[in-house]
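Per this note's numbering, the sequence shown starts with residue 3, numbered consecutively. A virtual CB, placed ideally from N, CA and C, is assigned to each residue, including glycine. One structure is given below, encoded as structure tokens.
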Amino acid sequence: MVGPKHLQEDDMLERIEGLPDGVVGIRARGKVTETDYLDVLVPAVEDALSRHRRLRLLYVLGDEFDGYTGAAAWEDAKIGMRHFTAFERVAVVSDHEWVVRMVKAFGILLPGDVRVYVNDEEHDAREWVSAPSSPGELEFELHEDDSVLVLEPHDELEVGDFERLERVVDPFIERTGGLSGLVVVAEDFPGWDDLAAFLSHLRFVRDHRKYLRRVALVTGSRFLSAMPKFARLLIDAEVRHFDFDDRDAAMEWVRGR
């Protein structure tokens with residue numbers, strides 16, 4: 003892939019340098035056109051997504067920004083629709099009231115986290131969009147000898163939880179062909195931190211459903227206790243509920259004993 007080009011004299015969009023890998027920084031000046039999007043922003047986003055499943059965007063619309071042409075606005079919308087679930091964090095820096103109103107109105111539709119900063123807070127925006135993700139509250143352990151994965155959520159599930167899971171589980175599945183079982187231990191249903199986490203959960207289930215033989219839900223939650231009835235619609239594995247104090251029995255069952 004050809005890397006994103008840098009600012010030339012007639013460019014109204016320019017890359018912001020010095021950001022961590024996976025963070026795309028863009029500064030807009032003057033009237034932004036469709037060509038600016040196609041020459042600068044689109045290649046920058048696609049280049050980042052060729053190396054990362056999700057990305058972050060720092061978008062600075064300062065005093066020199068003079069708006070979009072109609073075609074540029076359409077390109078902006080297309081990028082958002084095409085990569086709807088790809089944006090983990092978006093920081094928009096602007097003093098333009100119409101920009102602030104637009105971002106607040108449409109930002110709630112994005113599954114990622116969107117924040118608006120005034121021009122004087124550009125440094126704060128840069129720090130936030132570049133900050134490492136929370137390590138999450140999902141504890142997990144892969145018993146390689148038995149091919150059993152144990153999950154213990156202690157708080158709302160986050161996007162980073164599933165990214166950490168994939169880094170451990172996917173190489174193991176590649177080597178062995180699958181898992182004998184999955185044990186989920188949760189006294190209560192923790193929920194999801196945001197829409198992005200919920201979508202990540204669905205994607206994780208979709209991508210790993212055919213590699214599971216048995217799933218044990220060890221819980222006192224009424225919601226999770228009812229899940230075996232619905233899980234059969236989503237995964238091919240055998241699913242069974244165990245009381246919260248029956249963890250050992252659940253482990254024996256997923257091992258096939």
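(message) For the pair the stretch 66-73 and the stretch 111-121, tell me if three or more CB-CB distances fall below 8 angstroms.
(response) Verdict: no, contact absent.
(request) Give me the Cα-Cα distance between L153 and G183, rounded to the nearest whole angstrom. (result) Those two C-alpha atoms are separated by around 11 angstroms.
(request) Throw me the rounded Cβ distance for the S223 and D190 pair, which I believe falls under 8 angstroms. (result) Rounded, the Cβ-Cβ distance is 5 angstroms, consistent with contact.
(message) Quick check: the Cα distance between A133 and L57, rounded to an integer number of angstroms?
(response) Each residue's CA atom was taken as its position, placing A133 and L57 some 12 angstroms apart.
(request) Rounded to whole angstroms, what's the CA-CA distance from L219 to A251? Just pull it up for me. (result) Approximately 11 angstroms between the Cα atoms of the pair.
(message) At the level of alpha carbons, what is the spacing between L159 and D38?
(response) Approximately 38 angstroms between the Cα atoms of the pair.
(request) With DSSP collapsed to three states, give me the class of R55. (result) Three-state DSSP puts R55 in coil, outside helix and strand.
(message) Going by C-alpha to C-alpha distance, which of V186, A88, D195 and D68 sits closest to S96?
(response) Comparing alpha carbon positions, the residue from V186, A88, D195 and D68 closest to S96 is D68.
(message) Considering Cα atoms alone, identify which of V26, L214, V62 and D157 is closest to V185.
(response) Residue L214 is the option with its Cα nearest to V185.
(request) Below 6 angstroms CB to CB, which residues in the same chain sit around V101 once its five sequence neighbours on both sides are set aside? (result) Closer than 6 angstroms at the Cβ level, and outside the excluded window around V101, lie L63.
(request) Output yes or no for whether 8 angstroms exceeds the beta carbon distance between A93 and V131. (result) With contacts defined by Cβ atoms closer than 8 angstroms, A93 and V131 form a contacting pair.
(request) Report all residues from its chain with a CB closer than 8 angstroms to the CB of V170; omit the five preceding and five following residues, and keep chain order. (result) Excluding its 5 nearest sequence neighbours in each direction, V170 has C-beta neighbours in its own chain below 8 angstroms: F142 and L144, listed in chain order.
(request) Please classify G162: does DSSP put it in a helix, a strand, or coil? (result) Residue state, collapsed to three classes: helix.
(request) Compare the Cα-Cα distances from L201 to each of D163, R216 and S52 and report the closest residue. (result) Closest by alpha carbon: D163.
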